[in-house]
Amino acid sequence: MTKAELVNAMAEKAGLSKTDAEGALKAFTAAVTDALKASEKV
């Protein structure tokens, strides 16, 4: 699955625009990255 396919799937399943879904994915990725950098469990 490509990033674009994931964004489309998120938008469809959550009833979001593709722009909002992409923003949510970026926020999720940033949160996970920050947690991993802080040696937290994910």
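In terms of our numbering, the sequence shown opens at residue 108 and continues consecutively.
For every residue, glycine included, the Cβ atom is placed at its ideal position computed from N, Cα and C.
Host alpha helix (DSSP H) of T109 (start-end): Boundaries cannot be given for T109, as no alpha helix (DSSP H) includes it and DSSP labels it neither H nor E.
By a C-beta neighbour count over all protein chains shown, 10 Å radius and 16 as the cutoff for buried, is A134 buried or exposed? Under a 10 Å Cβ-count criterion, A134 is classified as exposed, with fewer than 16 other Cβ atoms of the shown protein chains found around its own Cβ.
Outcome for A128 when other beta-carbon atoms lying within 10 angstroms are tallied against a minimum of 16: Result: buried.
With a threshold of 16 other CB atoms inside 10 Å of the CB of V114, please say whether the residue is buried or exposed. Buried.
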